[in-house]
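Heads up, the thing below is written out as structure tokens.
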Amino acid sequence: MSSEFFTQAHALSVPVLRYFQKPFPDKTFYVFDGKPLCAYHYHEANKSLCASPDCGQPIEGPCAVSHSGARFHPEHLLCEYSGYPGCKEKLVEYWEIDGRMLCEKHAQIEDDGEDLMTKANKRMTRFIDLTAYGNDSDSDEGEDLR
Numbered sequence: 047m048s049s050e051f052f053t054q055a056h057a058l059s060v061p062v063l064r065y066f067q068k069p070f071p072d073k074t075f076y077v078f079d080g081k082p083l084c085a086y087h088y089h090e091a092n093k094s095l096c097a098s099p100d101c102g103q104p105i106e107g108p109c110a111v112s113h114s115g116a117r118f119h120p121e122h123l124l125c126e127y128s129g130y131p132g133c134k135e136k137l138v139e140y141w142e143i144d145g146r147m148l149c150e151k152h153a154q155i156e157d158d159g160e161d162l163m164t165k166a167n168k169r170m171t172r173f174i175d176l177t178a179y180g181n182d183s184d185s186d187e188g189e190d191l192r
């Protein structure tokens, strides 16, 4: 379903926040599955909230999609190395080890001296523009995941 952005002027009655039953504070809302929603709850329903534990905010515009389908603001898809100091490298090509996404440097540290190819899967981030594709969570636009 393509997203639709409306203002109160487009509605026959005053729409209210679906979850809180309050009027929309700025008189703007999104429609998802025929129901008016605020931006946060629309993106929650559309699976377009940033998956970064430090963010969780709506993604409108450029979006990085991981191998698992998780969506991130491109600047929030970072190496998940847990050692000290943490890594802040943005991931385009990365290694998946035990469900974590790691840059090449930290994937080599995590492989415990084994051949990296036996323990890890090399992955590629898919970049899409949610504005250009109507923020449809089922969009297949962009590059295939590796």
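The working numbering applies: residue 47 is where the sequence shown begins, and numbers increase by one. Ideal Cβ positions, reconstructed from N, Cα and C, are used throughout, including at glycine.
Residue environment, residue i, which counts as buried when at least 16 other CB atoms sit within 10 Å
i	result
Pro131	exposed
Ser112	buried
Pro82	buried
Thr171	buried
Residue i to residue j span [Cα, whole Å]
i	j	result
Tyr76	Cys149	37 Å
Ser94	Arg117	7 Å
Phe70	Ala85	10 Å
Ile174	Asn92	15 Å
Thr164	Glu121	29 Å
Glu156	Thr74	47 Å
His87	Leu124	25 Å
Phe78	Leu176	15 Å
Gly80	Gln154	49 Å
Ser114	Gly129	23 Å
Arg146	Asp100	16 Å
Ser98	Pro108	15 Å
Arg169	Trp141	6 Å
Rounded distance between the beta-carbons of residue j and residue i, thought under 8 Å
i	j	result
Ile143	Ala166	5 Å
His152	Tyr127	4 Å
His119	Cys96	5 Å
task: Determine contact between the segment 101-109 and the segment 134-150, defined as no fewer than three beta-carbon pairs at a distance below 8 Å.
output: Inter-segment contact for the segment 101-109 and the segment 134-150 is absent: fewer than three beta-carbon pairs are separated by less than 8 Å.
field: Segments assigned beta strand (DSSP E), at least 3 residues, entirely inside the segment 71-132
entry: Listed in chain order, they are 74-78, 81-83, 108-111.
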